[in-house]
Amino acid sequence: MTKEIIKLVYTGSRVEAMFLKELLEKNQIGCIFKDALGASVSAGWADGSPEDGARIYVEPQNEEKAKTLLKEYFDSRDK
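In case it helps, this note's numbering puts the sequence shown at residues 1288 to 1366.
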């Protein structure tokens, strides 16, 4: 049985993921930003799409705080 070391909190566009990474960091939540599409294009092939090529991960103890913060952002953005 493996214990999860990091938790996925966002999958989406690279541009929005970069903004959300800053938002999390400004709220003292460390995160890992992975851009599968950008990395694969640099390597010579395309993996993923512009709509879901980026992911943000956080440590398990920050998962709920991060999800709450992201939900507040998306709720305010969608008004």
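Each residue gets a CB set at the ideal place from its N, CA and C atoms; glycine is no exception.
From which residue to which residue does the alpha helix (DSSP H) around residue i run?
i	result
lysine 1321	Element bounds for lysine 1321: not the alpha helix (DSSP H) but the beta strand (DSSP E), 1318-1322.
lysine 1313	1301-1313
So which of the options has the shortest CA-CA distance to residue i?
i	options	result
glycine 1340	Gly1317, Leu1295, Ala1323, Phe1361	Ala1323
arginine 1342	Asn1314, Glu1312, Ile1319	Ile1319
glycine 1299	Pro1347, Lys1321, Gln1348	Lys1321
I need the straight-line Cα distance from residue i to residue j, nearest angstrom please.
i	j	result
glutamate 1350	tyrosine 1360	15 Å
alanine 1330	glutamate 1291	Because the pLDDT at alanine 1330 is just 49, under 50, the model does not fix this residue reliably, and the point stays unresolved.
lysine 1354	lysine 1294	10 Å
glutamate 1346	phenylalanine 1306	19 Å
aspartate 1362	lysine 1352	15 Å
So, are the CB atoms of residue i and residue j less than 8 Å apart?
i	j	result
valine 1302	leucine 1357	no
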